[in-house]
Each structure stands twice: as C-alpha cells, then as structure tokens.
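Numbers 1 to 651, taken from UniProt numbering, label the letters of the sequence shown in order.
Below: the structure, in structure tokens.
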Amino acid sequence: MFSKILIANRGEIACRVIHTARKMGVKTVAVYSDADARALHVSMADEAVHIGGSPVAESYLRGDVIIAAAKATGAQAIHPGYGFLSENPGFVDQVTQAGLVFIGPSADSIRAMGLKDAAKRLMEKAGVPVVPGYHGEAQEIVILATKAREIGYPVLIKARAGGGGKGMRRVDHPDDFADALSGARREAKAAFGDDRVLVEKYVDKPRHIEVQVFGDNFGNAVHLFERDCSAQRRHQKVIEEAPAPGMTAELRAAMTEAAVKAAKAIGYSGAGTIEFIVDASDGLKPDRFWFMEMNTRLQVEHPVTEMVTGIDLVEWQLRVAAGEELPLAQDGIGLDGHAFEARLYAEDPAKGFLPAIGTLHHLSFPAEAAPGTEIRIETGVRQGDAISPFYDPMIAKVVTHGPDRASALEALADAVSRTEVAGSTTNAAFLAALARDADFASGDVDTGLIGRKQDELTTMAAPGSRAIALAALAATGATASEASDDPWSGLTGYAHFNPLARRATLSFGGVDIVAHITARPDGRFDVRPDGGEAFVLAAGAANAGATVAAWPGHVTVFENGRSFDFTISDPFARAAEIGEGTSSMRAPMPGLVKLVRAAKGDKVTKGQPLLVLEAMKMEHTITATHDGVISEIATEGSQVTDGTVLVRFED
Ligand code: ADP
1 MFSKILIANR
11 GEIACRVIHT
21 ARKMGVKTVA
31 VYSDADARAL
41 HVSMADEAVH
51 IGGSPVAESY
61 LRGDVIIAAA
71 KATGAQAIHP
81 GYGFLSENPG
91 FVDQVTQAGL
101 VFIGPSADSI
111 RAMGLKDAAK
121 RLMEKAGVPV
131 VPGYHGEAQE
141 IVILATKARE
151 IGYPVLIKAR
161 AGGGGKGMRR
171 VDHPDDFADA
181 LSGARREAKA
191 AFGDDRVLVE
201 KYVDKPRHIE
211 VQVFGDNFGN
221 AVHLFERDCS
231 AQRRHQKVIE
241 EAPAPGMTAE
251 LRAAMTEAAV
261 KAAKAIGYSG
271 AGTIEFIVDA
281 SDGLKPDRFW
291 FMEMNTRLQV
301 EHPVTEMVTG
311 IDLVEWQLRV
321 AAGEELPLAQ
331 DGIGLDGHAF
341 EARLYAEDPA
351 KGFLPAIGTL
361 HHLSFPAEAA
371 PGTEIRIETG
381 VRQGDAISPF
391 YDPMIAKVVT
401 HGPDRASALE
411 ALADAVSRTE
421 VAGSTTNAAF
431 LAALARDADF
441 ASGDVDTGLI
451 GRKQDELTTM
461 AAPGSRAIAL
471 AALAATGATA
481 SEASDDPWSG
491 LTGYAHFNPL
501 ARRATLSFGG
511 VDIVAHITAR
521 PDGRFDVRPD
531 GGEAFVLAAG
541 AANAGATVAA
551 WPGHVTVFEN
561 GRSFDFTISD
571 PFARAAEIGE
581 GTSSMRAPMP
591 GLVKLVRAAK
601 GDKVTKGQPL
611 LVLEAMKMEH
621 TITATHDGVI
631 SEIATEGSQV
641 TDGTVLVRFE
651 D
C-alpha cells in the first residue's frame, strides 16, 4: 500500500478520499487554489500545497503543477476524485511518466470511453446494446438534420465530449433542430472546448440506471449492482438511489452482465460506471436497455452503492491502484437494504435553479436518524465558508440508508428537512418536496418526473406569524446574545431595549412586514407583527422547534423543516433603488451575455426570452419578468457581475 497520496481535487470528494486514506493509514497531500486557502480539505489533509489562482484553469486543471506538488511532497500516487483531471488521459500519461501511480484506470481505457461516439461504436462491437442514433464524424447541419429525420423525432443532441448534461438538447420537431444544434454546440464549446455532437433517438419514459463496476490489473472485473439516477432536472442528477426501484431479476442479470462485459472489453482497472438508459414505458424489460456511456472514475453518487454493499469504494480504488487483487469475488458482494443520496446545492429553484453564491453563515446537518436507518453527510464546507462562483455550487450530499426503500426515503426527507443553510439560497426545500412526492415514492420514476411537476415542487411556503415574529426579533439584533443560564445575561435585552419598544422592518419575497417589539422585565420580548398575532419570545436559541440565523442584511428562520429568508430593510438602499427606476432586470449571478434576443424599443411580453446568460459553463435563458417596452438591454459578449442591470423597461 502507498504511504502517501496526493488528492488532485477539492470540496467534498477531496474530504471523502482523505477520510478513507486516513482509515487505511495512508498520509494525504491536499492541493488548493487561492479561493480554497482555508477550505476544509486543506485542513483535513496531512499536508497541503498551493497550486495557483482561483479559476480552475489556473489551479485544479494544472496537471504539471499538481504532479510537481506530488513529487515535492513524496506522494506515490494521485487520486483525481471526479471532474477536473479525473478523465483526462493526457494527465494519466504525465503522472505515469513522472513515476507516479494514477489511482484510476489506464489512459487507454479513458481514451476508449472518453468520447461518447467512439465509446458507442466500441460497445456495439462488444455486443452491448446501444441507443439507436448517429455517432459518426460528419458535423454538417444538413447531414445531422437528415440523420435526425431518419432516426425519427424526438431526438437528443449530445456533445460527444459531454458530461453533466451539458451540451444536450431534446428536439421534438425538425423546425427546432437548427436552433437546438447551435445551442448545444455553444454550450459544448464553452464546457469542453469541443463542439462536435451526436444525435440519438430520444428514449420514451427514460430511466437512467447505471451499474457500478470494478476491475483490477489481473483481468478480474465485478459489478456492485445498480444505481437509479432517474430523478433528474435538465439531465442532471438530483436524487440517486440503490437498488433501482422495481428492478427485476431478469433485467438486473442482463444489465450487470452487459456492464461487466463492457469493462472487460477494455481491460478496465479501478472504479467505473456503465450508464444505461432504460425504456420504462412498459415496465422494466430485459430487452429495453441501452448503453449510454461509461464514466471512467468514481461517481458523485458512489455512496449509495457503499451503503447497500458495505464496501468502501475508495479503499478498493487504493488497493487496486497499489497492485492488489479485487478484495472480493462476485459471489462475495451482496445487497443490503436501500440507500438514497440527495445533492444539496447552492441554487435558486425559484429562479430556474440558477446557481447561487454566498457565505454559509449558518450550516447545520442532522446528526441522528430514526432507529434502523442511517444518515451520512458528505461535505467539503463548514459554517462560515463561501460558495464561490469558481466551482461547482454543491454544498453537501445527504445520504441515507434503511432496511427498505420506504424507510430510506423517509429518512432522506427527514434529513433534508432538518438541514439548515443560511447565507445562500439552496434547493433544500425542493429536495424535501421531491423526497415526499407521491409519484417519486411510488418508485415509478422517469427522467421527466421533475420537469412535469416542477411548479409543484418549487412552490415556496409562506412564513407563519411566529416565524415572522422570530425574524423581527432577530432583526433588532436581539438574537446576538445567546440564551444562557445566567439570569443577568438574560436581562441584557431588557437593558438594551430600554426604554420600551422598537420597530423592525423586514421583507419576505418582496413584501414588507413591520413588527413592534417590546422588552419584558423577564428578559423576553413581546413581538407583534402588524396585523398579526402577538408572541412572547426569548432571544437566541431558546424558542423550541425553531432556529434563527441572523447574517448581514438578512434573517433566516428554520421552522418545522422549512426555512424562510427575510431581508432586513435598509431605507437608504431602498431609496437608491427607487431612484434608479423599478423597471429593470438584474443579472442574478456573474456571467457572460451570450446571446441577446431583443433590442431597444421592442415590445415584449412576460416570459419572453430576452437574453442568454452563460454562467458556470451552463446557459441560462433570462425571460421578461413582465410586459413592457425595452429601453436598454445588455450587449452581446459583455461580462456582467451579480446585480448588473441587464434589461431596463420604459416607464
Ligand atoms: P452526460 O454525460 O452529459 O451526463 P449522458 O449521456 O450521461 O450525459 O445523459 C444524461 C442524461 O440524459 C441521462 O441520464 C438521461 O436522463 C438523458 N438521456 C441521455 N440519452 C438519452 C436518450 N437517448 N433519450 C432520452 N434521454 C436521454
């Protein structure tokens, strides 16, 4: 076994790898960018090396600098995590040439599977079922459109270099093909520097079921059963689970056999995933699954497999890379219970899931699960850390395990509801709604489920009067003194608020709320929101069942598994905004104005696409918030920051 490894990654996956390395007595070296100088993975590792600036191209993608760091610290091997350099065969070659071990498959395996088109041709040859489509070299629009017509609509355009759902467009009608193609190409070019695409049949009622495989350097290959990742939003995984609900013995046998065949066809070593698409329009049938792609790395969702097999996949990766044989043969690998994983992101469901940024002023995860179930939190951040625009805005993976699907799902809904984040908008409420959704619970899940129910799943609950009262009290600064056993400290509020009363002005979802707060002699407060019920509340954490987090300009109240973010009104800021005109649309996040679809003087209607903002390598269409005439609009190609006015309307 290695005595020291370097982890060429950041965030939760770097922490995850360090965890297992430590368990195995292997020393770890972390690498970090400017933005990550104080990141959790840096503090967890035995050593850490600064590798450059915050943008990934200046740090986490600098293979040469990372290899030099490994050499300088005496690490013998490099674990790439996922993303970044994990599927870059050139990097694997450099690592090997430097006399180090890459903890992952060979460069040849990565090359064979790296491009979706070539991988499909290879799998076809190996006798693995592949989705009907055009995987050829030609890229002329006339040829692709003709192929699409031959395949039959609906079709899916995919970036051959794709990943993470980027550069992918479903097309229902030939008329939309050209537009979708240019959108897919732009996104693919931006994300992968390669705008070539393939076109395939869009599978009806598709389910995404993938098989975890593992190979070693002695020609052995096994599978660790399947994961279902059908709960997706715009082709990105939201909740994953193992095993797949409704899986039959026949389909499992056929899929796992095909997966092991695929791994063996390329002499695969290490952890890999064979992704299949399954047509579930008529139940799960053994002749209705097709190879989509192989991911030649550890997947984000690997914990669900660990929870149901009891196997530490990172440990296996280290053992195989160190030259050991697979620890278990196929018949030694079993399935126990059911597991879920939900991806908690800093993103705003109400704004079309735009990635969000911010400082995590308050962050708390549930520690205990209901009897018989388990909760596992995989995170790379702590309270006080920032979600920056430089990296993936994932905050944590919330993983649960139970004896059966229903108990594991209940544990997930519970765990997500009890997760508290203040300082950035998150998808927590959306995840909880999905975990509690009746259709999701039934197990009859296809990749379109979230899209069909999006409005329902993203409806924001309004705060009740107690939550408003708690927020108002916190807005006066009264939560700053934590509840204490010392009666004198309990009275500071009284002294501080003397003579008697204060007024707090807040807003929630754009609506102003005024509350009147009076200090009581017992150290508590009477809080009465205008037109609402009055409450007697204690400052700090003493109000049962609710947590209040105050942070600059905001108060977030967590109550009954929901969170409400209030803005503390600042009359000066308000005046400035009114002076500027109320009729404007601002950039919700930093990005590049990719496309402008309207011009000064245009009369537009609510919901009409006005421009495309590229942020975090994804395109986001900005639509008109209301009917109006445009008086000003951002210019194509301009770089904007958070809050820049993109569109102004005439009064
Ligand atoms: P990426 O590498 O970008 O993640 P994949 O090829 O893995 O792309 O596909 C991502 C998701 O897109 C799948 O999980 C599935 O939901 C959907 N998808 C892919 N191919 C098809 C298809 N032919 N028909 C319908 N949906 C598809």
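Glycine included, each C-beta is placed from N, C-alpha and C at the ideal position.
Residue 476 is classed as buried because its beta carbon has at least 16 other beta carbons within 10 Å across all chains shown. Taken in chain order, the complete beta strand (DSSP E) segments of 3 or more residues contained in the stretch 528 to 553 are 535 to 537 and 546 to 551.
For residue 241, the closest alpha carbon among the candidates 1, 306, 163 and 141 is that of 306. Bounds of any beta strand (DSSP E) do not take in residue 76, whose DSSP letter is neither H nor E.
In terms of side-chain proximity, the C-beta atom of residue 293 is found nearer than 8 Å to a non-hydrogen atom of ligand 1. Taken through DSSP and simplified to helix, strand or coil, residue 603 comes out as strand. The Cβ atoms of residue 365 and residue 432 do not sit closer than 9 Å to each other. Residue pairing by DSSP places residue 560 opposite no residue, since no beta bridge is assigned to it. Shown here, residue 651 sits in coil according to DSSP, grouped into three states, outside any helix or strand. In this structure, the CA atom of residue 259 is about 8 Å from the CA atom of residue 212.
For residue 361, the closest of 420, 135 and 5 by C-alpha to C-alpha distance is 420. The shortest CA-to-CA distance from residue 462 to any of 435, 340, 255 and 558 is the one to 558.
Annotated three-state conformation of residue 501 is strand, per DSSP.
In this structure residue 371 is exposed. Its beta-carbon is surrounded by fewer than 16 other beta-carbon atoms within 10 angstroms. For residue 134, the beta-bridge partners assigned by DSSP are 199. DSSP, reduced to helix, strand and coil, places residue 266 outside both helices and strands of the structure shown, so it counts as coil.
Taking the C-beta atoms as reference points, residue 231 is found no nearer than 9 Å to residue 537. At a threshold of 8 Å, residue 193 does not count as near ligand 1, since its beta carbon sits no closer than that to any of the ligand's heavy atoms. Burial state of residue 178 is exposed, judged by a 10 Å Cβ sphere holding fewer than 16 other Cβ atoms. Looking at the DSSP output, residue 32 sits in a beta bridge with 50. Exclusion of residue 451 from the 8 Å shell around ligand 1 follows from its C-beta lying no nearer than that to any non-hydrogen atom of the ligand. If you ignore the 5 residues before and after residue 388, its C-beta comes within less than 8 Å of the C-beta of 35, 54 and 357, all in its own chain and listed in chain order. DSSP places residue 123 in no beta strand (DSSP E) but in the uninterrupted alpha helix (DSSP H) bounded by 116 to 125. Between residue 164 and residue 118, the alpha-carbon positions lie close to 18 Å from each other.
No heavy atom of ligand 1 is found nearer than 8 Å to the CB of residue 122. Given a length threshold of 3 residues, each whole run of the beta strand (DSSP E) inside the stretch 239 to 315 is given here in chain order: 270 to 279 and 289 to 295. Counting only residues of its own chain and dropping the five nearest sequence neighbours on each side, residue 70 has a CB closer than 6 Å to the CB of 6, 78 and 100.
At the C-beta level, residue 270 and residue 296 come within 9 Å of one another.
Under the three-state reduction of DSSP, residue 12 is assigned to helix.
When the alpha-carbon of residue 368 is set against those of 348, 343, 399 and 553, the nearest one is in 399.
Restricting attention to 135, 521 and 237, the CA atom closest to the CA of residue 448 is found in 237. Measuring C-alpha to C-alpha distances from residue 28 to each of 11, 51, 10 and 3 identifies 3 as the nearest. Within the same chain, 155, 177 and 180 come within 6 Å of residue 171 by CB-CB distance, once the 5 residues on both sides are set aside.
Relative to ligand 1, even the nearest heavy atom lies 8 Å or more away from the CB of residue 189.
Ligand 1 has no heavy atom closer than 8 Å to the beta-carbon of residue 226. Look at the beta carbons and you see the stretch 214 to 224 touching the stretch 308 to 321: at least three pairs across the two are nearer than 8 Å.
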